[in-house]
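Inspection log for the structure reproduced underneath, given as structure tokens.
Protein chains: 2
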Amino acid sequence: MMFPMSDPAFQRARSAEAKQAREQAILDAARTLGAQRGVRDVTLTDIATAVGMHKSALLRYFETREQIFLALTAEGWRQWSADLREDLARRAHATPAEVAAAIAGSLAGRPLFCDLLAQAPLNLERNVSIESVRSFKLVTLHEIELIGAELDRLLGLSELQTVDTIATATGMAGALWQMATPGPRLRELYTSDPRLGHAVVEVEPRLDRVLTAYLTGLVTAPATTV
Amino acid sequence: MMFPMSDPAFQRARSAEAKQAREQAILDAARTLGAQRGVRDVTLTDIATAVGMHKSALLRYFETREQIFLALTAEGWRQWSADLREDLARRAHATPAEVAAAIAGSLAGRPLFCDLLAQAPLNLERNVSIESVRSFKLVTLHEIELIGAELDRLLGLSELQTVDTIATATGMAGALWQMATPGPRLRELYTSDPRLGHAVVEVEPRLDRVLTAYLTGLVTAPATTV
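These protein sequence lines are chains W and L, in that order. Quick note: the first sequence uses this note's numbering, first residue 1, plus one each step. Quick note: the second sequence uses this note's numbering, first residue 1001, plus one each step.
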């Protein structure tokens, strides 16, 4: 046949393109719903409804609800890492406090990513195939290496110290976000009962203080391990 | 009637005692199951089966599965705090590294508590009554105050710094435990793929390094906030 539309290569490309557009629509819907109500309250049915597909059709694109959110976590790592590295790369020198503020600000400005950082090891990685975990881990380890190079350049950290630093930053961002976002019912409780003052958590100032002290300690004390 | 067994006060006491014994049996079963397979994989039906009760009977003692585990989290806070404070109280002086090692060791030695520390803000506090959250928070804030007094005595930390320290220790213990305990399937992946070396996490050494640097930084840099 002579018409390009019936050429098999063209058909495959068209179908690959359609598949990718559909995947993107699913990720967009999950991102919007996750940001609105928190990842834990978004079901596969919610995502299917938002994107106008039947649940069984959606499962042709993603294994599970968790695979969708793990893909968004990988996307979050890439975007956070790119923004943070761009910020750090502009500096010829930086104090521990300045690096801490850059890390804390870039994480706190990404609430959905903070939510996903806590959800990933607890729920997401446990409900997907081994291959999905492998590619997710390779993304995060690559970004950790790239961020680590900037931390080494600015503060002279060892490889182990850069890995610890990023684990602390992302681990605490996830934990603090979960504490800081207990839902309207508990937030009302925390602010109305004067004995519960310390239960009210703000992500950015606490993450900033913790990372400032941590990085100050790292550059102050001689590294005992490599 | 003259028989003590039919005395209403005696009956009430007997029934209160039976109720308490039943509650304790439920908590014991949940503790054992949680330690065996991880909190996320224990259902209310599992607990009811282990204790030999029907699910509907169990719900006369606890509101939800989450209330049972939140009660175990409160118990974990009390026991961890008592052991850590006993350890710290024996010391007339301590370096940041010594305090960090005491905190890291006491947390890493309590795997179920570490699991619960990550589950509490993510899942447990969101599926119980407001009053259950209030009493849980009052327990944790009281223990934070008691541990804080020891941290202040040994390292001269401000109140905000002690709260930050305990939030960092418990937040990281929860996050690291979740990363370090991905289940046999993922552990096999992490150890078999040489590119995934940094995905293998050990709770105690990392928590020890992070808290050592953090506390070193706190006592090195002048406190900018109270």
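Heads up, the beta-carbon is just placed ideally off N, CA and C, and yes, glycines get one too. Computed from a predicted structure; not experimentally measured.
Where residue i falls, given that 16 or more other Cβ within 10 Å makes a residue buried
{"i": "residue 115 of chain W", "result": "buried"}
{"i": "residue 980 of chain L", "result": "In this structure chain L extends from 1001 to 1226, so residue 980 of chain L is not present and cannot be described."}
{"i": "residue 1009 of chain L", "result": "exposed"}
{"i": "residue 1020 of chain L", "result": "exposed"}
{"i": "residue 1210 of chain L", "result": "buried"}
{"i": "residue 1121 of chain L", "result": "buried"}
{"i": "residue 1200 of chain L", "result": "exposed"}
{"i": "residue 958 of chain L", "result": "Outside the displayed range of chain L (1001 to 1226) lies residue 958 of chain L, so it cannot be described from this structure."}
{"i": "residue 208 of chain W", "result": "buried"}
{"i": "residue 1216 of chain L", "result": "buried"}
{"i": "residue 943 of chain L", "result": "Summary: the structure shown does not reach residue 943 of chain L, with chain L confined to residues 1001 through 1226, and so no result is reported for it."}
{"i": "residue 13 of chain W", "result": "exposed"}
{"i": "residue 38 of chain W", "result": "buried"}
Local conformation of residue i per DSSP, three classes
{"i": "residue 92 of chain W", "result": "coil"}
{"i": "residue 99 of chain W", "result": "helix"}
{"i": "residue 54 of chain W", "result": "coil"}
{"i": "residue 1210 of chain L", "result": "helix"}
{"i": "residue 1034 of chain L", "result": "helix"}
{"i": "residue 1221 of chain L", "result": "coil"}
{"i": "residue 60 of chain W", "result": "coil"}
{"i": "residue 1128 of chain L", "result": "coil"}
{"i": "residue 157 of chain W", "result": "coil"}
{"i": "residue 1043 of chain L", "result": "coil"}
{"i": "residue 1226 of chain L", "result": "Here residue 1226 of chain L scores only 38 on pLDDT, less than 50, and its place in the model should not be relied on; the value that follows carries that caveat. Reduced to three states, the DSSP call for residue 1226 of chain L is coil."}
{"i": "residue 1201 of chain L", "result": "coil"}
{"i": "residue 7 of chain W", "result": "coil"}
{"i": "residue 1183 of chain L", "result": "coil"}
{"i": "residue 109 of chain W", "result": "coil"}
{"i": "residue 87 of chain W", "result": "helix"}
Amino acids of chain W, ordered along the chain, whose beta-carbon sits closer than 7 Å to that of residue i
{"i": "residue 1133 of chain L", "result": "186, 189"}
{"i": "residue 1125 of chain L", "result": "182, 186"}
{"i": "residue 1104 of chain L", "result": "Here the premise fails: no neighbours, minimum Cβ distance about 13 Å."}
Where residue i meets chain W, residues with beta-carbon distance less than 8 Å
{"i": "residue 1052 of chain L", "result": "In chain order: nothing, as chain W lies at least about 29 Å away."}
{"i": "residue 1130 of chain L", "result": "185, 186, 189"}
{"i": "residue 1174 of chain L", "result": "175"}
{"i": "residue 1138 of chain L", "result": "195, 196"}
Interface flag, residue i vs chain B, CB-CB below 9 Å
{"i": "residue 1043 of chain L", "result": "Absence of chain B from the displayed structure is noted, the protein chains being W and L."}
Neighbouring residues, chain L, relative to residue i (Cβ below 7 Å)
{"i": "residue 178 of chain W", "result": "1121, 1122"}
{"i": "residue 216 of chain W", "result": "1217, 1220, 1221"}
{"i": "residue 168 of chain W", "result": "1172, 1210"}
Rounded C-alpha distance that separates residue i from residue j
{"i": "residue 34 of chain W", "j": "residue 1048 of chain L", "result": "33 Å"}
{"i": "residue 1101 of chain L", "j": "residue 75 of chain W", "result": "36 Å"}
{"i": "residue 1219 of chain L", "j": "residue 1147 of chain L", "result": "17 Å"}
{"i": "residue 90 of chain W", "j": "residue 55 of chain W", "result": "46 Å"}
{"i": "residue 1174 of chain L", "j": "residue 1070 of chain L", "result": "14 Å"}
{"i": "residue 171 of chain W", "j": "residue 1011 of chain L", "result": "51 Å"}
{"i": "residue 124 of chain W", "j": "residue 1185 of chain L", "result": "14 Å"}
{"i": "residue 158 of chain W", "j": "residue 152 of chain W", "result": "7 Å"}
{"i": "residue 1103 of chain L", "j": "residue 1169 of chain L", "result": "7 Å"}
{"i": "residue 1195 of chain L", "j": "residue 1180 of chain L", "result": "17 Å"}
{"i": "residue 1050 of chain L", "j": "residue 1032 of chain L", "result": "10 Å"}
{"i": "residue 1016 of chain L", "j": "residue 112 of chain W", "result": "46 Å"}
{"i": "residue 1028 of chain L", "j": "residue 1053 of chain L", "result": "14 Å"}
{"i": "residue 183 of chain W", "j": "residue 1058 of chain L", "result": "27 Å"}
{"i": "residue 82 of chain W", "j": "residue 202 of chain W", "result": "25 Å"}
{"i": "residue 85 of chain W", "j": "residue 1023 of chain L", "result": "53 Å"}
{"i": "residue 156 of chain W", "j": "residue 61 of chain W", "result": "44 Å"}
{"i": "residue 1164 of chain L", "j": "residue 1044 of chain L", "result": "34 Å"}
{"i": "residue 1197 of chain L", "j": "residue 142 of chain W", "result": "12 Å"}
{"i": "residue 1095 of chain L", "j": "residue 1206 of chain L", "result": "18 Å"}
Partners in chain L for residue i, counting only beta-carbon separations shorter than 8 Å
{"i": "residue 208 of chain W", "result": "Within chain L, no residue comes near residue 208 of chain W; the closest Cβ sits about 10 Å away, beyond 8 Å."}
Chain-ordered chain W contacts of residue i [CB-CB under 9 Å]
{"i": "residue 1164 of chain L", "result": "206, 209, 210, 213"}
{"i": "residue 1144 of chain L", "result": "198"}
*Can you find at least 3 beta carbon pairs, one from the region 1185-1192 of chain L and one from the region 124-140 of chain W, that sit closer than 8 Å?*
yes
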